[in-house]
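So for the sequence shown, full-length UniProt numbering puts the first residue at 1; every next one is plus one.
Here a beta-carbon is modelled for each residue, glycine too, at the ideal position from N, C-alpha and C.
In what follows, a structure is listed as structure tokens, so that the remarks can point back to it.
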Amino acid sequence: MGVAGGTLVLAGVAARVATPAAGRLYTVADAPSAPVVIVPGARVRNGWPMAMLRGRLDVAVALLADGRACHVLVSGDAAGRSGDEIAAMTGYLVAHGVGREVIATDPYGLDTYDTCLRAAQVYGVTTAVIATQGFHLPRAVALGRRAGIDMAGVIAECDCRLRTRVRNVLREYVLSRPKALVEMHFPRPPRVTATAGEASAGILA
Numbered sequence: 001m002g003v004a005g006g007t008l009v010l011a012g013v014a015a016r017v018a019t020p021a022a023g024r025l026y027t028v029a030d031a032p033s034a035p036v037v038i039v040p041g042a043r044v045r046n047g048w049p050m051a052m053l054r055g056r057l058d059v060a061v062a063l064l065a066d067g068r069a070c071h072v073l074v075s076g077d078a079a080g081r082s083g084d085e086i087a088a089m090t091g092y093l094v095a096h097g098v099g100r101e102v103i104a105t106d107p108y109g110l111d112t113y114d115t116c117l118r119a120a121q122v123y124g125v126t127t128a129v130i131a132t133q134g135f136h137l138p139r140a141v142a143l144g145r146r147a148g149i150d151m152a153g154v155i156a157e158c159d160c161r162l163r164t165r166v167r168n169v170l171r172e173y174v175l176s177r178p179k180a181l182v183e184m185h186f187p188r189p190p191r192v193t194a195t196a197g198e199a200s201a202g203i204l205a
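The structure is reproduced here in structure tokens:
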């Protein structure tokens, strides 16, 4: 196939995955209101969110502060290789003035697909916005809609090094979007089917 052919295939896959997100991507300034803002996890360091995750959480803080979201669902890996993403996200939100009573937690959002599917099936989310970086956002919205959520996406900033940005964009187009295309056409159950904790389930009820 060659490099050119492979590049065309990857571009086609990326476009197909992004199609369901067309017209549903917003900045913080023009984001629509929704009952829930979902924040997918990312790397943490020493118990605190790193730059990419801080950008996502800052979107949630802004939407909650001006009343465009009522609750936040932080979804990630509580046993992640870099640390407990859920504890780090919760701590950051509380430190930025978000009340614990509006924070729901999913410690089994092991990837974007699981985050969206569990939000719908386990937490009962039907309408939401999801906050993540621009390279990731079309895939996140597409997977959320595939899970049955009326979802829009809000672009999060990232005060990241150029090397980090390039690495994440390459991984998105070479690995993550092809994987998402398979998941969209051949859906699987989430890797962990545990129910929501009583407290978190009550927050989103």
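Q. Looking at C-alpha atoms only, which residue of Thr132, Leu137, Ile149, Val192 is the closest neighbour of Leu53?
A. Translated into positions along the sequence shown, residue 53 becomes position 53. Closest in alpha carbon position to Leu53, among Thr132, Leu137, Ile149, Val192, is Thr132.
Q: Go ahead and label Pro35 buried or exposed: buried means 16 or more other beta carbons lie within 10 angstroms of its beta carbon, across all protein chains shown.
A: Along the sequence shown, read from residue 1 onward, the residue named residue 35 stands at position 35. If you draw a 10 Å sphere on the C-beta of Pro35, you find fewer than 16 other C-beta atoms in it, and that means exposed.
Q: Could you check which residue in Ala29, Arg188, Ser75 has the C-alpha nearest to that of Arg146?
A: The residue you call residue 146 lines up with position 146 of the sequence shown. When C-alpha distances from Arg146 are compared across Ala29, Arg188, Ser75, the shortest belongs to Arg188.
Q.
Just to confirm my understanding: we take Val17, look at its own chain, exclude 5 residues before and 5 after, and list those with CB closer than 6 Å. What are they?
A. Position 17 of the sequence shown holds residue 17. Hits under 6 Å: Arg139, Ala142, Arg177, Ala180, Leu181.
Q. Could you give the residue range of the beta strand (DSSP E) that holds Thr27?
A. Looking up residue 27 in the sequence shown gives position 27. Looking at the DSSP string, Thr27 is not in any beta strand (DSSP E), and its letter there is neither H nor E.
Q. Taking the continuous alpha helix (DSSP H) assigned at Ala120, which residues delimit it?
A. Here residue 120 is taken as the residue at index 120 of the sequence shown, counted from 1. Residue range 112-121 is occupied by the alpha helix (DSSP H) that includes Ala120.
Q. Count the other CB atoms within 10 Å of the CB of Ser33; is the residue buried (16 or more) or exposed (fewer)?
A. On the sequence shown, residue 33 is found 33 positions in, with the first residue counted as 1. Exposed.
(Q) Rounded to the nearest angstrom, what separates Gly124 and Val169 at their Cα positions? (A) On the sequence shown, residue 124 is found 124 positions in, with the first residue counted as 1. On the sequence shown, residue 169 is found 169 positions in, with the first residue counted as 1. When rounded, the separation of the alpha-carbon atoms in Gly124 and Val169 is 31 Å.
Q: Under 6 Å Cβ to Cβ from Leu25, same chain only, skipping five residues before and after it: list those, please.
A: For the purposes of this step, residue 25 is taken as residue 25 along the sequence shown, with counting starting at 1. Closer than 6 Å at the Cβ level, and outside the excluded window around Leu25, lie Leu137, Gly153.
Q | In DSSP terms, what Arg45 is bridged to | A | Along the sequence shown, one-based indexing puts residue 45 at 45. According to DSSP, Arg45 bridges with Trp48.
**Q.** Alpha-carbon spacing of Asp106 relative to Leu63, whole angstroms
**A.** Indexing the sequence shown from 1 puts residue 106 at position 106. Indexing the sequence shown from 1 puts residue 63 at position 63. Approximately 20 Å, taken between the alpha carbons.
Q: Using 10 angstroms around the beta-carbon of Glu85, count the other beta-carbons present and answer buried if the total reaches 16, otherwise exposed.
A: Numbered from its first residue, the sequence shown carries residue 85 at position 85. A residue is called buried once 16 or more other Cβ atoms fall within 10 Å of its Cβ, and Glu85 is buried on that count.
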